[in-house]
Structure formats: structure tokens, C-alpha cells
Amino acid sequence: MYKKILVAYDGSDHAKKAVEHAVALAKVFGASIHIITVATDPSQISLEKAGRIAGEAAKAVQSQGLQVGEVAVRSGTPADEILNYAEEKEVDLIVMGSRGLSALQRLVLGSVSQAVVSRARVPVLVVR
Numbered sequence: 001m002y003k004k005i006l007v008a009y010d011g012s013d014h015a016k017k018a019v020e021h022a023v024a025l026a027k028v029f030g031a032s033i034h035i036i037t038v039a040t041d042p043s044q045i046s047l048e049k050a051g052r053i054a055g056e057a058a059k060a061v062q063s064q065g066l067q068v069g070e071v072a073v074r075s076g077t078p079a080d081e082i083l084n085y086a087e088e089k090e091v092d093l094i095v096m097g098s099r100g101l102s103a104l105q106r107l108v109l110g111s112v113s114q115a116v117v118s119r120a121r122v123p124v125l126v127v128r
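Using full-length UniProt numbering, you'd call the opening residue of the sequence shown number 1 and step up by one each time.
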């Protein structure tokens, strides 16, 4: 069912839980895991930090004996970059954490997970 699973990872506790769920699913389906981290600031420092954050997720996946398909670090709007990557790499599932914003925070700030769920062409698993 799933051959390529994309994990959107930002280093948060919710993202770490998303990695755990992606690992469990990858073990069941024999899937590879792709990891994306998006820096909203395109400066070199932000991209380097995003690379370190993505590396954490890759190590967590590899420590479970699973294959990491690719680790991607991009800059831009997180939802757009996640969706673009998913389409480019033809992933079968997107797994991401949810920060659990209140209704007012979602209204004011928006939600990356909400944007991905509403626009994705593949299933999205949001982990809380």
C-alpha cells in the first residue's frame, strides 16, 4: 500500500511522534521514509539549522533499521514545499505532527498541517 512515506519534520515533540508513526508504518509495509524540513528563512544559517534538524530524524529512522529514501532541506512556505516534494517524489503518504493550535491561533496564524491536509493528493496522517 505504501512504498514511500514522507515525514515533515521540524524537531518538535509532535514531529518526533510523527517519525515514530512513520517508522511503524514503514515496517508494516516495507516502505522507505523520506524526510523534509523547511526553513521559512532562506539564510544560510537557517538552512544549516534545518539540515541538522532533518539529520536528527534520519538518525532516528536508521536506528530502527529502516532505509531513508532522501533527506530534503528546503526554504519557503512549509505547506507548499511539503506538497511540492510529495508530488515530485511521488510519495504515497505524508506524516506530520500537529502543534494543536487553538481555534483562534489557527484563524490568525494558519496551520501547516491543515493546509497540507486540504491540498494533498495523497493520504495525510496528522499525529498529535
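We put the beta carbon where it would ideally sit given N, CA and C, even for glycine.
If you're wondering where the values come from, they're calculated on a predicted model, not measured in any experiment.
Going by other Cβ atoms of all chains shown within 10 Å of its Cβ, with 16 needed for buried, is residue i buried or exposed?
i	result
glutamate 1	With the sequence shown as reference, residue 1 is identified as methionine, and glutamate is not the correct amino acid for it. Exposed, by the Cβ-count rule.
alanine 18	buried
glutamate 81	buried
proline 42	exposed
aspartate 13	exposed
serine 118	exposed
serine 113	buried
Could you name the residues that DSSP lists as bridge partners for residue i?
i	result
methionine 1	The partner list for methionine 1 (beta bridge, DSSP) is empty, contrary to what the question assumes.
arginine 74	Val38
alanine 8	Ile36 and Met96
valine 61	Bridge partners of valine 61: none, in fact.
valine 127	Gly97
What residue range does the beta strand (DSSP E) around residue i cover?
i	result
leucine 93	93-97
Using beta-carbon positions only, say whether residue i and residue j come within less than 8 Å of one another.
i	j	result
residue 193	valine 95	Within the shown structure, residues of the chain are numbered from 1 to 128, placing residue 193 beyond reach of any answer.
valine 7	isoleucine 33	yes
valine 38	glycine 76	yes
valine 122	valine 91	yes
glutamate 54	tyrosine 9	A small fix is needed here, since residue 54 is alanine in this sequence, not glutamate. It is a contact, given that the beta carbons lie within the stated cut-off.
leucine 66	valine 23	yes
leucine 83	alanine 26	no
alanine 15	glycine 97	yes
Specify, as a first and last residue, the run of the alpha helix (DSSP H) that residue i falls within.
i	result
valine 23	13-29
alanine 115	112-119
Since residue i contacts residue j with CB under 8 Å, what's their CB separation in whole angstroms?
i	j	result
isoleucine 35	alanine 50	Not really, about 11 Å apart at Cβ, beyond 8 Å.
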